[in-house]
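Undergrad: Chains as they are written, first to last, in the working numbering: chain A, 1134 to 1519; chain B, 5 to 231.
The beta carbon of each residue, even a glycine, is placed where N, CA and C say it ideally should be.
Quantities reported herein were computed from a predicted structural model and do not represent experimental measurements.
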């Protein structure tokens, strides 16, 4: 009877030992690549779902598949020391994107092969820690009782026991946990380009910036070839409007440059040729400096020629003045009866009332000659006097 | 008188289950204990001290192993790796408190030993089990220092460089260059970069002290058994 009682006690003790060993193996499951593993949460990225110290139970991906919304464990290294327990938010062709519930942004995409476990369950710290502590205490106490309340301390046992305990504590804290190696999350102040355009009529390039985080101090801009400009600014709340004045000489320079380069093909008048130049600006804020390079685009346009009975109208839609040679050819007399050079200022209209110049009633051809980007071009219009 | 002469001549002696330590052994065990305590206090102190202090814009605040308070672009940084490190430093505190407690306990026992057993002339008596706490303390202090070095290295080499000290970022409006924060790296930072050999030397010293004191402790107990 007494022997049976002793035998039962010994059996219970062995069962307790086996339970402790099994728990230890499951804690090491991640490192040993076991199908089931216990892991401890050490980061706050999955709060409030999992808190620091909570124990999560993972099932290997070859036993359980995962998809969007599942919490998975992915590790960078084979030894699985640097791992992340985050939720899957996107899956695409061999890669997954995860995100900690409490993190402001997602992690960088990682290969699906890096995913080791799918989290299927968890036990809060306040439950698992006392339970395991109780099991270990019971095992120790049962061993003490089993040894008939005698402790045999061998030489060197105390030192080895202390060092082993320390290693066990360290292994528990370090080995079974994971270091959340998500990158740091911080918000970078935004400086947005709301709009940038060339107001060619007013010879102004406008840049509109949204700078909610910084206070505008000043701005300096230059054009292609280092031509400096005047910048005027208007601040309206978080929006800064920079108006960069473009000197008229700069357009003349562009005109001459394009004229010297020449144009390979021009369609029938009125043709237009696209032109562009760079605007480089350095904007100084209270805590930052913005260097931007913007492209201004406009078109050189041939003069638009129209006529209304005895009046010839020539429109110049260019930022430079144009020199025109206008001839009036009399159809009746088969000869040029009038010829004169005119300068049409930029963005202006030239109107010639031939009834005030020519006295003879009749039909005429007005011929307008000019040099457009290095090419001599001409247009014509019907003029009827009388 | 005869007993006293015997005590003078031999270092290995026992008295009613206690080990009698000679002057040299006493000096060695005391040195080892004090060295373990000093190392452990240093680890605790170094864990609490800031590794780097950042001032200005865009980064401000400080970083230490236990706790960090960092602001980037005037808003708090969420840095999970630092939080993990902070949790792991629990090992450092457990590992540091063990040598302090054990060594202080043994030192107290050594001081009180003379009165209890009337051992004179610079000799001390101590329970043979307690003497093993000293090599254990040295080894635990050595392991904790190793762990401290590793964690510090991770923070200094992997975590600190990931912080936005300044520089330029591309925005839709162009390249935005911010000012550069001033970083004051404390001597703890230097420990991980410049003074690593000192840490390794300390580890080796602790290991040597641990091994030596363990050997002597075992020898003393073996001699007692023979005696």
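So, for residue 1398(A): in the same chain, excluding its five sequence neighbours on each side, which residues have a beta-carbon less than 6 Å away from its beta-carbon?
TA: Nothing meets the Cβ criterion.
Undergrad: Beta-carbon within less than 6 Å of residue 8(B)'s beta-carbon, same chain only, minus the 5 sequence neighbours each way: which residues are those?
TA: Only weak support exists for where residue 8(B) lies, its pLDDT of 45 falling under 50; the value from the coordinates is given anyway. Same-chain partners within the cutoff: there are none.
Undergrad: Say whether chain B places a C-beta atom closer than 9 Å to the C-beta of residue 1513(A).
TA: For residue 1513(A), the answer is no, since every Cβ of chain B falls outside 9 Å of its Cβ.
Undergrad: Using CA coordinates, which residue listed in 1365(A), 1255(A) and 1279(A) is at the minimum distance from residue 1191(A)?
TA: When each option's Cα is compared against that of residue 1191(A), the closest is 1255(A).
Undergrad: Indicate whether the contact test is met: 3 or more Cβ pairs, each with one atom in the region 1478 to 1492 of chain A and one in the region 1441 to 1456 of chain A, closer than 8 Å.
TA: Counting Cβ pairs under 8 Å, three or more are found: they touch.
Undergrad: Mind reading off the beta-carbon distance from residue 1174(A) to residue 1187(A)? Whole number of angstroms is fine, and I expect it under 8 Å.
TA: So it is a contact: roughly 5 Å between Cβ atoms.
Undergrad: Anyone know if the C-beta pair for residue 44(B) and residue 88(B) falls short of 9 Å?
TA: Not a contact, by the Cβ cut-off of 9 Å.
Undergrad: Just by C-beta distance, which residues in the region 1285 to 1304 of chain A are closer than 9 Å to chain B?
TA: So the close ones are 1286, 1288, 1289, 1290, 1291, 1292, 1293, 1294, 1295, 1296, 1298, 1299, 1300, 1302 and 1303.
Undergrad: Which residues in the same chain have their Cβ closer than 6 Å to the Cβ of residue 67(B), if we skip the five residues on either side of it in sequence?
TA: Result list for residue 67(B): 55 and 56, in chain order.
Undergrad: Whose Cβ in chain B lies nearer than 7 Å to the Cβ of residue 1422(A)?
TA: The answer, in chain order, is 181.
Undergrad: To test your reading of the DSSP string, which unbroken beta strand (DSSP E) runs of 3 or more residues are found completely within the region 1319 to 1357 of chain A?
TA: Runs of the beta strand (DSSP E) inside the region 1319 to 1357 of chain A: 1325 to 1332, 1337 to 1343 and 1349 to 1356.
Undergrad: Report the three-state DSSP secondary structure of residue 1396(A) (helix, strand or coil).
TA: Three-state DSSP puts residue 1396(A) in coil, outside helix and strand.
Undergrad: Rank 85(B), 106(B) and 28(B) by C-alpha distance to the C-alpha of residue 41(B) and give the top, closest one.
TA: Nearest of 85(B), 106(B) and 28(B) to residue 41(B), Cα basis: 106(B).
Undergrad: Is there at least one Cβ from chain B nearer than 9 Å to residue 1439(A)'s Cβ?
TA: No, residue 1439(A) lies away from the interface with chain B (no Cβ there is under 9 Å from its Cβ).
Undergrad: Among residues of its own chain, excluding the 5 on either side of residue 1375(A), which ones have a beta-carbon nearer than 6 Å to its beta-carbon?
TA: Same-chain partners within the cutoff: 1340, 1352, 1364 and 1366.
Undergrad: Return the residues of the region 145 to 172 of chain B that lie within a Cβ-Cβ distance of less than 9 Å from chain A, sorted by chain order.
TA: From the region 145 to 172 of chain B, only 147, 148, 151, 158, 162, 163, 166, 167, 168 and 172 have a Cβ closer than 9 Å to chain A.
Undergrad: So, is the C-beta of residue 113(B) closer than 9 Å to a C-beta in chain A?
TA: With 9 Å as the cut-off, residue 113(B) does not count as an interface residue toward chain A.
Undergrad: Do residue 1223(A) and residue 1239(A) have their C-beta atoms within less than 9 Å of each other?
TA: Their beta carbons are under 9 Å apart, which means residue 1223(A) touches residue 1239(A) by this criterion.
Undergrad: Report the neighbours of residue 1176(A) on chain B: residues whose CB is nearer than 9 Å to its CB, in chain order.
TA: Chain B residues near residue 1176(A): 84, 85, 87, 88 and 91.
Undergrad: For the candidate residues 1507(A), 1419(A) and 1332(A), whose alpha-carbon lies nearest to that of residue 1430(A)?
TA: Measuring from the Cα of residue 1430(A), the nearest candidate turns out to be 1332(A).
Undergrad: Could you tell me how far apart the beta carbons of residue 1193(A) and residue 1277(A) are, in whole angstroms, since I believe they sit closer than 8 Å?
TA: The pair is not a contact, with the Cβ atoms about 38 Å apart (cut-off 8 Å).
Undergrad: Please report the distance separating the alpha-carbon of residue 1394(A) from that of residue 1388(A).
TA: Each residue's Cα considered, the two are about 10 Å apart.
Undergrad: Per the DSSP calculation, residue 1255(A) is bridged to which residue(s)?
TA: In the DSSP output, where bridge partners are listed per residue, residue 1255(A) has 1189(A).
Undergrad: At a CB-CB cut-off below 9 Å, which residues of chain A make contact with residue 59(B)?
TA: The contacting residues do not exist; residue 59(B) stays about 14 Å from chain A at best.
Undergrad: When Cβ atoms are compared, which residues of the region 199 to 216 of chain B fall closer than 9 Å to chain A?
TA: Per Cβ criterion, the list reads 214.
Undergrad: Secondary structure at residue 1166(A), three-state DSSP: helix, strand or coil?
TA: Coil, per DSSP.
Undergrad: Along chain B, which residues have their Cβ under 9 Å away from the Cβ of residue 1236(A)?
TA: Residues of chain B passing the Cβ test: 82 and 84.
Undergrad: Less than 9 Å between CB atoms is the rule here; does residue 1480(A) satisfy it with respect to chain B?
TA: Taking Cβ atoms only, chain B never reaches closer than 9 Å to residue 1480(A), which makes this a no.
Undergrad: Tell me where the alpha helix (DSSP H) around residue 1516(A) begins and ends.
TA: Not the alpha helix (DSSP H): residue 1516(A) falls in the beta strand (DSSP E), residues 1508 to 1518.
Undergrad: Any idea what DSSP makes of residue 1441(A), helix, strand or coil?
TA: The answer is strand: DSSP assigns residue 1441(A) an E or B state.
Undergrad: Can you pull the chain A neighbours of residue 225(B), defined as C-beta to C-beta under 9 Å?
TA: Correct list: 1288 and 1289.
Undergrad: Taking beta-carbon pairs under 9 Å, can you tell me which members of the region 1217 to 1235 of chain A lie near chain B?
TA: For the region 1217 to 1235 of chain A, which is checked against every Cβ of chain B, the residues closer than 9 Å are 1217, 1233 and 1235.
Undergrad: Per DSSP, residue 1496(A) is paired with what?
TA: Paired residue(s): 1517(A).
Undergrad: Spatial neighbours of residue 1279(A) within its chain, please: C-beta separation below 8 Å, excluding the five flanking residues on both sides.
TA: So the qualifying residues of the chain are 1142, 1143 and 1146.
Undergrad: Three Cβ pairs or more, each shorter than 8 Å: is that satisfied between the region 1400 to 1416 of chain A and the region 1431 to 1438 of chain A?
TA: The region 1400 to 1416 of chain A vs the region 1431 to 1438 of chain A: in contact.
Undergrad: Which chain B residues are close to residue 1254(A), counting only those with a beta carbon under 7 Å from its beta carbon?
TA: Correct list: empty, because the minimum Cβ distance to chain B is about 22 Å.
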